[in-house]
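Numbering of the sequence shown is given in my numbering, commencing with residue 338 and proceeding in unit increments.
C-beta: ideal position from N, C-alpha, C; glycine also.
It should be emphasised that the depicted structure is a prediction, and the values quoted were computed from it without experimental measurement.
A short write-up of the structure that comes next.
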Amino acid sequence: MLRNLAARCSAGLLTVILFPCLLHAAHRPRRDPFCSQADCRATRRLLRNLCNFIVKKKSRFPTIYIGGYYMRTLVAGYQIFHDPRYLATAVAYSHYLLRRQMPNGFWATGYGPVYLADTGSALGLLVALYPHVDRKQQQQYLEAVRRYVSSLERSHMIHSGGALGTGWKHTQGNRVIGPIYDHYTLSSALTGGEIFTWMYDRTRQDTYREVAYHALRWILSTMRSDGNIPYILRLEGANWNERGNPKNEYNLWHKSTYGTSAYVGEGILSFDLHCANPAWQAWIEKAVQPNIEFLLRTQLPNGTWSKLGRTSWDRTRSPGIINYLIWDYEHVKADPRIAQAVRRFDAFIVSPQNGRSFGLLNDGARANTKVRINAFNTVTSLTGYALADILSPGVTSRW
């Protein structure tokens with residue numbers, strides 16, 4: 338920016354004239370590219386509304402991946418609005434998570450099995466809270482996550498090719514029953530890419546960073562030439578080794594397209610920002626570009642992603658794409674198409690009518706079944722998480 342401004346100043350001007358010109362540029366506020374001035378005000382109101390809703394209604398959500406995103410939204414909201422209630426609620430939920438950890442190091446999802454993807458989403462709260470709590474609590478967080486990743490290694494859930502397994506089918510008291518060793522895209526991203534990177538960031542033990550690197554390499558090795566990343570989970574009929582079956586192909590490439598990119602993006606940006614290995618950062622920033630292009634190319638005219646119904650798995654996870662795109666804009670390439678894509682989503686979601694149709698609970702969405710309520714909780718929690726990054730780029734990934 339300074340070079341461009343200097344070029345606009347006459348080359349013949351004396352340094353004494355040029356220097357104030359440059360100084361002015363250095364102190365000029367950075368324009369937020371992700372919402373218009375009017376929409377930024379609306380975005381602030383919506384995020385504030387969501388944070389207040391979470392404090393009032395969702396402070397002890399039993400499904401840990403949803404609770405994790407609700408509370409991570411509050412941590413970001415605390416940094417934006419400086420409301421101590423938000424931080425206090427998130428810290429209280431972290432204590433709830435710590436109490437729920439089983440002696441074997443794992444967490445039940447809150448709806449039955451143990452899934453390593455859900456666990457990664459929940460533990461993202463401890464990562465976000467770590468800079469905001471005292472040393473004693475920091476040590477509790479670190480030890481809880483250390484027990485988790487150590488248990489993963491002992492349980493052979495980290496495959497030689499880099500992928501992580503899925504988890505366990507059941508819990509019985511403090512036991513886990515029925516291991517699911519199947520390679521899983523989302524556990525590889527959220528636990529492999531994110532949580533193992535955080536363990537490296539805290540301990541500087543290179544073995545953690547290597548797990549993250551190989552997990553993400555495995556994921557990106559499955560990406561199609563058009564940039565679509567498959568949802569690989571044999572348990573749900575998305576078997577990477579079964580080709581030619583139309584239903585399996587649909588499950589791999591179409592049923593969970595945008596939720597997969599959102600979750601994979603979370604692992605990718607965590608690794609890129611915190612792995613502290615320039616060669617690996619350069620590799621991943623280049624390797625993900627086909628997926629970024631795919632997301633820009635397939636965004637719907639209204640600014641959202643996924644043509645599936647509003648309670649579908651894919652649609653309810655899709656707001657996480659926003660955090661992923663903002664990372665790419667801020668840290669890889671300031672592509673104006675990315676800023677435009679984020680602004681389109683922002684312009685859509687700040688409309689109360691659109692919020693209701695999208696499933697935001699604080700805007701009055703209601704449902705008659707537990708499944709649908711959980712779908713609306715999912716989209717609400719991830720939308721809040723995205724809005725925070727729109728207002729303060731990178732706020733959700735500060736460790």
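Quick check on the burial criterion: 16 or more other C-beta atoms within 10 angstroms. Buried or exposed for residue i?
i    : result
G515 : exposed
K394 : exposed
G604 : buried
Y545 : buried
P615 : exposed
T540 : exposed
Y406 : buried
A427 : buried
K592 : buried
P567 : buried
N582 : exposed
Q542 : exposed
L656 : The sequence as given places Pro at residue 656; Leu does not occur at that position. Buried, by the Cβ-count rule.
R378 : exposed
T594 : buried
W736 : exposed
H520 : buried
H551 : buried
G461 : buried
G596 : buried
Compute the Euclidean distance between the alpha carbons of residue i and residue j, then round it to the nearest angstrom.
i    : j    : result
V679 : A465 : 23 angstroms
H493 : R483 : 16 angstroms
Y666 : E480 : 34 angstroms
N576 : D563 : 20 angstroms
L453 : D726 : 25 angstroms
P673 : H469 : 34 angstroms
L557 : Q438 : 31 angstroms
E586 : G646 : 20 angstroms
A363 : P730 : Confidence at A363 is low in this model, with a pLDDT of 41, below 50, so its placement is unreliable and the value that follows should be read with caution. If you take the alpha carbons of A363 and P730, they lie about 19 angstroms apart.
V732 : Q416 : 8 angstroms
W524 : F713 : Reading the sequence as shown, one finds Ser at residue 524 and not Trp. C-alpha separation (whole angstroms): 22 angstroms.
N711 : A375 : 32 angstroms
D651 : M408 : 22 angstroms
H432 : S458 : 16 angstroms
S598 : I532 : 18 angstroms
Quick one: residues in its chain with C-beta nearer than 6 angstroms to the C-beta of residue i, no 5 flanking neighbours on either side, listed in chain order?
i    : result
W535 : V464
W664 : L606
F295 : Since the first and last residues shown for the chain are 338 and 736, residue 295 lies out of range.
A500 : H520, S525 and W555
Whose C-beta lies closer than 7 angstroms to the C-beta of residue i among residues of the same chain, with five residues either side of it excluded?
i    : result
Q618 : D609 and C612
I517 : G502, T503, G504, W505, K506 and L572
F682 : G640, T641 and I659
V669 : E622
Spatial neighbours of residue i within its chain, please: C-beta separation below 8 angstroms, excluding the five flanking residues on both sides.
i    : result
V451 : F443, W444, A445, G504, W505, T508 and V513
Any alpha helix (DSSP H) of 4 or more consecutive residues that is wholly inside the stretch 616-678: Runs of the alpha helix (DSSP H) spanning 4 or more residues and lying entirely within the stretch 616-678 occur at 626-635, 650-654 and 657-668, in chain order.
Enumerate, from N- to C-terminal direction, the unbroken beta strand (DSSP E) stretches of 3 or more residues contained entirely within the stretch 455-541. For the stretch 455-541, whole beta strand (DSSP E) runs of length 3 or above, ordered along the chain, are 504-509 and 512-517.
Does the stretch 618-638 come close enough to the stretch 687-701 that 3 or more CB-CB pairs lie under 8 angstroms? In short, these stretches do not touch, since the Cβ pair count stays below three.
Give a yes or no on contact between the stretch 469-477 and the stretch 519-538, applying the rule of three or more CB pairs nearer than 8 angstroms. At 8 angstroms Cβ cutoff, the stretches do not touch.
Which whole runs of the beta strand (DSSP E) in the stretch 380-448 are 3 residues long or more, in chain order? Correct list: empty.
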